[in-house]
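Counting in numbering that gives the first Met the number 0, the sequence shown runs from 0 upward without gaps.
Glycine included, every Cβ here is placed at the ideal spot set by N, Cα and C.
Keep in mind the model is a prediction, meaning the values are calculated, not measured.
Step one of this worksheet: look at the structure below.
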Amino acid sequence: MRINNLEEYKLEKENFDKNPEEFWAKKANSFTWHKKWEEILDWDFHKAHVKWFDGGKLNITENCLDRHLASSGNQIAIKWIANNPKEKNIDISYNELYEKVCQFSNVLKNKGIKKGDRVCLYMPMVPELAIAVLACARIGAIHSVVFAGFSAKSLCDRINDAQCKALITSDGGFRGNKITPLKEIADEAMKNTPSIQYCIVLERTKTPIMMKNNRDFWWHEEMKKTSIHNQAEIMDSEDQLFILYTSGSTGKPKGIVHTTAGYMIYAQYSFENVFQYNRGDLYWCTADIGWITGHTYIIYGPLLAGATTVMFEGVPTYPDAGRFWEIVEKNKINIFYTAPTAIRSLEAYGNEYVKKYDLESLKVLGTVGEPINEDAWNWYFKEIGGEKCPIVDTWWQTETGGIMISNLAGINKAKPTFATLPLPGIKACIVDENGDELETNNTEGKLCVKYPWPSMARTIYGDHQRFIDTYFSSFPGKYFSGDGCYKNEEGLFRITGRVDDVLIVSGHNLGTAEIESAIDEHKNVCESAIVGYPHSIKGNGIFAYIICHSSPKDKKATGIEINDLITKHVGPIAKVDKFLYVEGLPKTRSGKIMRRILRKIASGEFNELGDTSTLLDPNVVTSIIKESQK
């Protein structure tokens with residue numbers, strides 16, 4: 000499945016252009032199937048209808064685990080590194096992982112969890128999270144992982160939307176020098192989640208917790224009761240594999256649904272090719288499994304390829320800013336994949352933390368989550384990669400399931416700040432406001448995809464119309480990413496950022512509406528508007544414009560109270576960085592807030608506001624600028 004050189008790369012592009020369906024069928028043939036498919040592809044983008052390999056029968060965990068046992072059973076599948084550098088790392092072989100997944104599959108079955116049931120996971124970055132994900136997939140239950148930094152309300156909303164039958168959590172989670180009380184947060188959430196019948200609790204931090212009779216069960220006790228054998232549930236290609244929530248421009252998060260076969264094929268294909276994975280390479284993606292990057296490039300992609308995947312519990316700056324590099328040296332990491340936020344943060348600490356460690360083992364570097372700026376790219380290339388490691392700057396989304404635009408490491412050219420080219424098998428295009436394709440180079444517009452790919456999302460859980468409206472209505476016949484894009488004179492793609500009301504903060508998608516809703520809970524807040532502004536570390540900081548019923552006596556205290564509400568309703572990742580208390584917001588005559596203007600003011604670009612004559616009250620803008628300059 001791997002492309003090995005530029006000639007093969009060009010040939011793969013040609014093969015796809017000649018016969019796209021046959022291109023993907025050839026990739027699919029390398030997997031274990033109980034029954035081959037009846038139809039390669041059935042699609043209609045106008046209805047957001049896509050089916051890949053329909054009628055095929057398989058189980059993704061047999062391809063992640065079972066098929067590797069005979070040849071690589073003793074190879075390490077997951078290398079787990081604890082938050083505390085003094086705690087012993089855990090190596091789990093493919094044989095051991097297979098047994099643990101089978102055991103936990105049986106735990107779930109003993110609790111009456113069956114094919115099609117939804118299971119929510121709210122856990123720290125421990126091996127048991129990966130085990131639980133795979134166990135769900137093995138029995139045909141649909142996993143929905145919620146990032147362990149989200150609040151009780153956010154967890155509650157996601158459980159209720161998916162109508163999850165069970166919740167898997169932990170007593171707590173270690174993160175740097177803090178312990179997150181996950182079971183306590185889960186208990187708060189479960190006060191309002193009538194669909195939850197069982198809660199399975201992993202002991203990690205030994206935090207004292209409450210256990211509710213007949214609902215809460217200890218992971219270790221339940222595992223003792225089960226066998227290490229489990230027959231995988233046979234799934235249809237289009238059966239749902241997981242739901243993962245992503246923030247939208249309206250308040251309610253979107254439950255993005257991915258299905259089994261297409262996601263599986265693309266996860267392995269993109270992993271092997273983008274990172275140029277060779278058997279024996281040690282691969283480390285620093286993401287959290289609560290996000291799509293962790294799903295595809297910590298769990299599924301590497302395990303499908305039979306790789307060793309590193310899983311890290313902690314943060315890059317604990318106990319100091321050299322932690323990443325200490326792990327690279329100690330474990331001789333070959334492929335390293337992280338977010339621009341982490342790169343900028345570690346660069347800010349200076350090179351002394353880098354120089355302490357030998358990074359010679361590194362062969363490939365990657366970035367994910369948001370566009371990387373040129374300074375950070377150059378520092379990463381020079382100081383971390385020693386000017387010898389190709390950098391893959393990957394663009395993709397929760398909705399795409401896998402990397403869509405990127406150079407392949409060492410195969411085709413990298414260029415700072417450019418994702419470069421769509422992978423073979425992806426028909427990306429740039430369109431203007433009218434949806435007309437801009438086919439020439441040196442153009443800028445909106446990024447779309449005009450042909451299906453196997454790992455694309457199939458729907459928004461419980462709301463297919465919203466799926467159509469969000470992704471397929473702006474430019475009929477095309478998938479609209481929500482991102483702007485520039486194509487240079489060489490035809491290389493550079494992502495210019497979101498064109499809707501979603502902020503990317505430290506690589507995490509945050510919906511403005513969800514944050515505004517939390518702010519508006521404050522007794523003195525009348526109305527609020529959230530925008531992003533350039534932040535040296537996070538990429539985007541969060542800037543809040545707030546109208547109060549009465550002028551706050553203590554603005555700093557009000558800001559703390561508002562951030563406490565955000566932490567409670569959304570999570571600490573959504574806290575506001577800058578507040579501006581204003582008397583009005585720039586609105587159109589129809590009442591729509593002109594965020595474009597607010598973004599410019601937040602960035603200090605007062606002379607680039609564009610036309611304000613269409614506003615209900617243009618004087619509001621002058622007033623906001625004056626306030627911001629005080």
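Judging by CA-CA distance, which residue of the options is the nearest neighbour of residue i?
i    : options                : result
L608 : E526, F335, I596       : I596
K211 : I342, E187, Y485, E526 : E187
S505 : A286, F474, D553, T416 : A286
I342 : E359, E328, D357, W324 : W324
M189 : R203, L166, R174       : L166
V524 : K555, L491, Y532, I561 : I561
I89  : F103, M124, L68        : M124
D235 : W32, D319, H294        : W32
Y478 : N606, L133, D462, F44  : F44
F22  : F30, R322, I39         : I39
N28  : L502, G55, F471        : G55
A81  : P126, M263, V106, K110 : P126
K34  : A47, P19, F52          : F52
G171 : E220, D215, Y121       : Y121
P207 : Y299, N83, L181        : L181
V309 : L422, F335, H568, P415 : F335
K50  : L5, Q239, F380         : Q239
T397 : E312, V367, S549, A573 : V367
F103 : T225, K205, I195       : T225
A69  : Y97, P315, D468        : Y97
W656 : I75, P339, S472        : Because residue 656 is not part of the residues shown, which for the chain are 0 to 629, the question remains open.
D519 : C155, A456, H568       : H568
What are the boundary residues of the beta strand (DSSP E) that includes residue i?
i    : result
G538 : 538-547
A528 : 524-534
R174 : 172-174
G365 : 363-366
K577 : 577-580
I255 : 253-258
W36  : Where W36 is concerned, there is no enclosing beta strand (DSSP E), given that its DSSP letter is neither H nor E.
D215 : 215-217
Quick check on the DSSP output: the alpha helix (DSSP H) that includes residue i runs from which residue to which?
i    : result
R630 : Since the first and last residues shown for the chain are 0 and 629, residue 630 lies out of range.
C631 : Since the first residue shown for the chain is 0 and the last is 629, residue 631 is missing from the structure and cannot be characterised.
T621 : 618-627
V353 : 351-354
K182 : 181-189
V125 : Run containing V125: none; DSSP gives neither H nor E here.
D462 : D462 -> no alpha helix (DSSP H), and no H or E assigned at all.
A375 : 373-378
How is residue i classed by DSSP in three states: helix, strand or coil?
i    : result
L10  : helix
I158 : helix
I167 : strand
K395 : The sequence shown places Trp at residue 395, not Lys. Coil at W395, not helix or strand.
S454 : coil
C388 : coil
T31  : coil
P585 : coil
Y244 : strand
G558 : helix
S226 : coil
V144 : strand
K177 : strand
Q196 : coil
E359 : coil
E520 : coil
E221 : helix
E346 : helix
E369 : coil
E607 : coil
According to DSSP, which residues form a beta bridge with residue i?
i    : result
M234 : L57
C447 : C428, F479
T442 : K486
S150 : None, per the DSSP bridge assignment.
F417 : K414
L201 : S169
V49  : W42
I404 : W394, P421
> Can you list the beta strand (DSSP E) stretches of 3 or more residues lying completely in the region 56-121, in chain order?
Replying inline: List check, beta strand (DSSP E) in window: 75-80, 89-92, 117-121.
> Whole alpha helix (DSSP H) runs in the region 263-344 with 4 or more residues, listed along the chain?
Replying inline: Taking only runs of at least 4 residues, the alpha helix (DSSP H) segments lying wholly in the region 263-344 are 300-303, 322-330.
> Fully enclosed by the region 470-511, which beta strand (DSSP E) runs are 3 residues long or longer?
Replying inline: 478-486, 492-497, 501-504, 507-510
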